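Asker: Taking mature numbering (1 follows the signal peptide of the UniProt record, and there is no 0), the leading residue of the sequence shown gets 73, the next gets one more, and so forth. Each residue gets a CB set at the ideal place from its N, CA and C atoms; glycine is no exception. All values derive from a computational prediction rather than experimental measurement. Have a look at this one before I ask anything.
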Amino acid sequence: PKGLNDYAKKAGKLYFGTAADVPGTNETTDKYYRAELANKHDWGQVTPANAMKWVFTEPEQGVFNYTEAEIFLADAASDGKLVRCHNLNWYNQLPNWLTQGTWTNETLTKVLENHVTNLVEYFGDRCYAWDVVNEAFSDSGTTGSLADNTTWRSDLWYNTIGPGYVAVAFKAAEKAVKAKKLKVKLYYNDYNIENAGAKSSAAQALVKSLKAQNIQIDGVGLQSHFIVGETPSRAAQSSNMQAFAALGVDVAITELDIRTTVPATAAEQQQQVVDYASSVGACADVDACVGVTAWDFDDAYSWIPSTFPGQGYGDLFFQPGGYNTPLVRKAAYDGCIQGL
Ligand code: XIL
Numbered sequence: 073p074k075g076l077n078d079y080a081k082k083a084g085k086l087y088f089g090t091a092a093d094v095p096g097t098n099e100t101t102d103k104y105y106r107a108e109l110a111n112k113h114d115w116g117q118v119t120p121a122n123a124m125k126w127v128f129t130e131p132e133q134g135v136f137n138y139t140e141a142e143i144f145l146a147d148a149a150s151d152g153k154l155v156r157c158h159n160l161n162w163y164n165q166l167p168n169w170l171t172q173g174t175w176t177n178e179t180l181t182k183v184l185e186n187h188v189t190n191l192v193e194y195f196g197d198r199c200y201a202w203d204v205v206n207e208a209f210s211d212s213g214t215t216g217s218l219a220d221n222t223t224w225r226s227d228l229w230y231n232t233i234g235p236g237y238v239a240v241a242f243k244a245a246e247k248a249v250k251a252k253k254l255k256v257k258l259y260y261n262d263y264n265i266e267n268a269g270a271k272s273s274a275a276q277a278l279v280k281s282l283k284a285q286n287i288q289i290d291g292v293g294l295q296s297h298f299i300v301g302e303t304p305s306r307a308a309q310s311s312n313m314q315a316f317a318a319l320g321v322d323v324a325i326t327e328l329d330i331r332t333t334v335p336a337t338a339a340e341q342q343q344q345v346v347d348y349a350s351s352v353g354a355c356a357d358v359d360a361c362v363g364v365t366a367w368d369f370d371d372a373y374s375w376i377p378s379t380f381p382g383q384g385y386g387d388l389f390f391q392p393g394g395y396n397t398p399l400v401r402k403a404a405y406d407g408c409i410q411g412l
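Given below as structure tokens:
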């Protein structure tokens, strides 16, 4: 084995992959970034960090635009890399017509069904999996019960349609899968569900609820946006994965990065190695965990600094010389291999 994907396959996983913001601002012209993205030994799977989101794919109501997504697929996903398609429903990165429109339960339900149907049918089996619903749960819920309104994120979808919007999205996806005889796996994806707690319980309750309604759900994506020194242990992560697996779904680590305040101290850099090993190792420990996706591989293009000011150093590579200069591999990369 010569890289992360090779090692992941040797450990019985389907892939080790990465998100990429292609076509982003500098990602398509930074030849060092591009060379690493094309490295099949490291990346057997890719996720578009932005290109398939609602704001790009349905910029006007009923007008679908797959330009960005097609560039992503032709570029980042070449060489037969698996694609985790991301995402069909989220509260964020929505077009203005949607966030500023006036909706009723009935009209918004139709909008959601139409979006899901179009994307699932259009991309077909070019997607290994779809994140059908992303981040439906709030961080303030305490019970994990779907009947408790503090369990749910207060957003356009929940506030207009109610908790049933998740089933609406999954049902529409399932209908498209069946109509086109697709193999694509349908996932629920969220963060802070990587160890036991109210939010993980809510996600488990959601899986049970969809299954009880005979609605297709194939997997749960554990985003895994962790913090150095606060990453759940390998045992805590693997037992949480097992709890999902026991409900009859796959799991995947879908957006792994492990951030810290910058500049990272030597001790933090060492802890990051341990934290990456624990996370990747948890997936290796659980048969139902199909693979690991890093949420981009190069600190230069990470979403972390803009979302968490003062933080960074979350990815497996960095570019000390800046744009279009060689990438340096961190010790955390070897940590991933140790974990496998
Ligand atoms: C992030 C992208 O990486 C950024 O480029 C974009 O500006 C905002 O979204 N959880 C998710 C991802 O599910 O879609 C988010 O991606 C990161 C958090």
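#1: Ends of the alpha helix (DSSP H) at Ile289?
#2: Assign Pro398 to one of three DSSP states: helix, strand, or coil.
#3: Which residues mark the beginning and the end of the alpha helix (DSSP H) in which Glu193 is found?
#4: When you measure from the CB of Asp370 to every non-hydrogen atom of the ligand XIL, does any distance come out below 7 Å?
#5: Helix, strand or coil for Tyr163? Go by DSSP, reduced to three states.
#6: Mind checking whether the beta-carbon of His158 lies closer than 7 Å to any heavy atom of the ligand XIL?
#7: Say whether the region 333-341 touches the region 280-289, bearing in mind that this needs 3 or more beta-carbon pairs closer than 8 Å, one atom from each stretch.
#8: By DSSP, does Gly293 sit in helix, in strand, or in coil?
#9: The alpha helix (DSSP H) spanning Val127 covers which residue range?
#10: Comparing the CB of Asp93 with every heavy atom of the ligand XIL, is any distance shorter than 7 Å?
#11: Quick one: give me the first and last residue of the beta strand (DSSP E) that Glu327 is part of.
#12: List the whole-angstrom C-beta distance separating Arg401 from Gly353, where the pair is believed to meet the contact cut-off of C-beta under 8 Å.
#13: Compare the C-alpha of Val155 against each of Gly75, Gly116 and Thr222 and name the closest.
#14: Examine the ligand XIL and report whether any of its heavy atoms sits within less than 7 Å of the Cβ of Glu140.
#15: Can you find at least 3 beta carbon pairs, one from the region 267-276 and one from the region 212-227, that sit closer than 8 Å?
#16: Fully enclosed by the region 206-237, which beta strand (DSSP E) runs are 3 residues long or longer?
#17: What's the C-alpha gap between Ala91 and Asp322?
#18: Is the region 94-113 touching the region 128-137 in the sense that three or more CB pairs, one from each, lie closer than 8 Å?
#19: Looking at the structure shown, is Asp147 part of a helix, part of a strand, or coil, going by DSSP?
#20: Identify which residue in Thr232, Tyr237 and Val127 has its Cα closest to the Cα of Trp175.
#21: Taking only heavy atoms of the ligand XIL into account, decide whether any of them is closer than 7 Å to the Cβ of Trp375.
#22: Using a threshold of 8 Å, state whether the C-beta atoms of Ala275 and Leu160 are closer than that.
#23: Mark Asp151 as exposed unless 16 or more other C-beta atoms lie within 10 angstroms of its C-beta, in which case mark it buried.
#24: Under 7 Å: does the beta carbon of Ala208 sit that close to some heavy atom of the ligand XIL?
#25: The ligand XIL and Ala121: does any heavy atom of the ligand fall closer than 7 Å to the residue's C-beta?
#26: For Ala251, which residues of its own chain have a beta-carbon under 8 Å away from its beta-carbon, when the five flanking residues on both sides are left out?
Answerer: Straight from the coordinates:
#1: Element bounds for Ile289: n/a, residue is neither H nor E.
#2: Coil at Pro398, not helix or strand.
#3: From DSSP, the alpha helix (DSSP H) with Glu193 extends over Asn177 to Phe195.
#4: Checking the Cβ of Asp370 against the ligand XIL gives no.
#5: Three-state result, Tyr163: coil.
#6: His158: yes, Cβ under 7 Å from the ligand XIL.
#7: Short answer: they don't touch.
#8: Looking at Gly293 - three-state DSSP - the assignment turns out to be strand.
#9: For Val127, the enclosing alpha helix (DSSP H) has its first and last residue at Trp126 to Thr129.
#10: Result yes, Cβ under 7 Å from the ligand XIL.
#11: Where Glu327 is concerned, the enclosing beta strand (DSSP E) stretches over Asp322 to Thr333.
#12: The pair is not a contact, with the Cβ atoms about 19 Å apart (cut-off 8 Å).
#13: The candidate whose alpha carbon is nearest that of Val155 is Gly116.
#14: A distance criterion of 7 Å places the beta-carbon of Glu140 beyond contact range of the ligand XIL, judged by its closest non-hydrogen atom.
#15: With a cut-off of 8 Å, the region 212-227 and the region 267-276 count as touching, because enough Cβ pairs lie within range.
#16: Within the region 206-237, no complete beta strand (DSSP E) segment of 3 residues or longer occurs.
#17: Going by C-alpha positions, Ala91 is about 20 Å away from Asp322.
#18: Fewer than three pairs of CB atoms, one per stretch, sit closer than 8 Å, so the region 128-137 makes no contact with the region 94-113.
#19: Secondary structure at Asp147: helix, using DSSP grouped into helix, strand and coil.
#20: When only C-alpha atoms are compared, the closest one is Thr232.
#21: Yes; taking the cut-off as 7 Å, the Cβ of Trp375 has a heavy atom of the ligand XIL nearer than that.
#22: Taking the C-beta atoms as reference points, Leu160 is found no nearer than 8 Å to Ala275.
#23: Exposed: under 16 other Cβ atoms inside 10 Å.
#24: Checking every heavy atom of the ligand XIL against the Cβ of Ala208, none is found closer than 7 Å.
#25: Yes, the beta carbon of Ala121 sits closer than 7 Å to at least one heavy atom of the ligand XIL.
#26: The residues are Glu193.
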